[in-house]
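This report refers to the structure that appears directly beneath it.
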Amino acid sequence: MRPRTPRTRSLTLAATAVGGGALLALAAPAAAQAHVNVTPDSTAAGSYAVLQFASGHGCDGSPTTAFTVDIPEQILSVTPTLEAGWSVEKIMVALDEPVEGAHGDLVSERVGQVVYTADTPIPEGYRGTFEIQVLLPEEGEGERLEFPVLQTCVEGETAWNESPGADGAEPEHPAPAIEVTAAAGDAHGHGDDHADTPEAADAETTAQGGDATDAAVDTLARVVGIGGLAVGVAGLVVAIVARRGSKA
Numbered sequence: 012m013r014p015r016t017p018r019t020r021s022l023t024l025a026a027t028a029v030g031g032g033a034l035l036a037l038a039a040p041a042a043a044q045a046h047v048n049v050t051p052d053s054t055a056a057g058s059y060a061v062l063q064f065a066s067g068h069g070c071d072g073s074p075t076t077a078f079t080v081d082i083p084e085q086i087l088s089v090t091p092t093l094e095a096g097w098s099v100e101k102i103m104v105a106l107d108e109p110v111e112g113a114h115g116d117l118v119s120e121r122v123g124q125v126v127y128t129a130d131t132p133i134p135e136g137y138r139g140t141f142e143i144q145v146l147l148p149e150e151g152e153g154e155r156l157e158f159p160v161l162q163t164c165v166e167g168e169t170a171w172n173e174s175p176g177a178d179g180a181e182p183e184h185p186a187p188a189i190e191v192t193a194a195a196g197d198a199h200g201h202g203d204d205h206a207d208t209p210e211a212a213d214a215e216t217t218a219q220g221g222d223a224t225d226a227a228v229d230t231l232a233r234v235v236g237i238g239g240l241a242v243g244v245a246g247l248v249v250a251i252v253a254r255r256g257s258k259a
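Mapping of the sequence shown onto our numbering: position 219 corresponds to residue 230, and the numbering continues sequentially without gaps.
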C-alpha cells in the first residue's frame with residue numbers, strides 16, 4: 012500500500028469537504044419541506060384571511076390521500092376553496108350556546124374540521140396545496156392560532172398537532188399556526204367598504220398571486236445550499252495551500 016503524501020491528504024480533504032457541501036446543498040429542499048406548512052395572506056385581527064396549506068412529503072414515503080384540518084373554536088366563518096384534484100368536506104360541530112356570526116346573525120354551529128381528499132394519492136416528493144378562507148377573531152391580536160392537521164396516507168398517518176415547548180423549541184410534528192396581528196383599516200382589516208366580503212378577499216388573493224410558501228422554502232434551501240458550497244470552497248482552498256506547501 013502506497014504511503015499517503017501531503018498532496019494526497021490534501022486532495023482527500025478537499026474531496027470530503029466538497030462532497031459534504033454538495034450533500035448539504037441537495038438536502039436543503041427536503042429539509043425545508045419536512046412539515047405541513049400554512050401561509051396566510053393576512054394576519055390582521057378581524058380580517059378575512061386565505062390560508063394556504065402545503066406539504067411535499069408523505070407518511071414515511073407512503074403517498075398522501077387526505078388532510079384533515081382542525082379549525083380553532085374562535086373562528087366562526089370558514090370557506091374552503093374548491094381545488095382541482097381534491098374533494099372537500101366541512102364537518103360541523105354544535106356550539107354550547109348560539110353566538111353572533113360574521114353577518115350579525117345567530118349561529119348554533121361552526122365548522123370544526125375541513126377534510127381535503129386527493130382524487131389520486133400524492134406521491135412522496137410531490138407538493139400538494141389547498142386553501143381555506145377564514146375570518147380571524149376581532150379581539151385576537153397577539154393570539155397564536157393553531158390548525159392541527161392529520162395527514163392520512165395509503166399506509167399510515169401523521170398527526171401534525173404539537174405546540175412549541177416552553178423554551179420555544181419546535182416539536183417533531185408541529186401544528187401549522189399563525190399569529191394574529193393588529194387590525195388594519197376598518198373592522199375587517201381592509202381599507203374600503205366592500206373589502207370585508209369573502210368575494211373581495213378572494214379577489215385580493217388573486218391579485219397578489221405568487222406562492223409565499225414556495226418563496227419561504229426556496230429561501231431556506233438557498234441559504235443552506237450556499238452554506239454547503241462555502242464548505243466545499245473552503246476545502247479546495249485548504250488543498251491548494253497544502254499542495255503549495257509540499258512543493259516548497
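Backbone N, C-alpha and C fix where the C-beta goes; we use that ideal spot for every residue, glycine too.
Because the structure is a prediction, the values reported are computed rather than measured.
Helix, strand or coil at glycine 176 according to DSSP, with G and I counted as helix: coil
Contact set for threonine 169: own chain, Cβ-Cβ below 6 Å, skip 5 residues either direction: Excluding residues within five positions, the ones whose Cβ falls inside 6 Å are Cys70, Gln162.
Exposure label - valine 49; buried when at least 16 CB within 10 Å: buried
Beta-carbon proximity of proline 83 to isoleucine 189, cut-off 7 Å: Cβ distance not < 7 Å, so proline 83 and isoleucine 189 don't count as in contact.
Secondary structure of threonine 163, DSSP reduced to three states: strand
In DSSP terms, what tyrosine 59 is bridged to: Leu146
Own chain partners of glutamate 142 with C-beta closer than 6 Å, once the 5 adjacent residues on each side are dropped: So the qualifying residues of the chain are Val61, Gln63, Thr92.
Inter-residue Cα distance where the pair is lysine 101 and serine 88: Rounded to whole angstroms, lysine 101 and serine 88 show a C-alpha spacing of 12 Å.
Separation of alanine 113 from cysteine 164, as counted between CA atoms: 35 Å
Pair within 7 Å by beta-carbon distance, valine 191 and glutamate 152: yes
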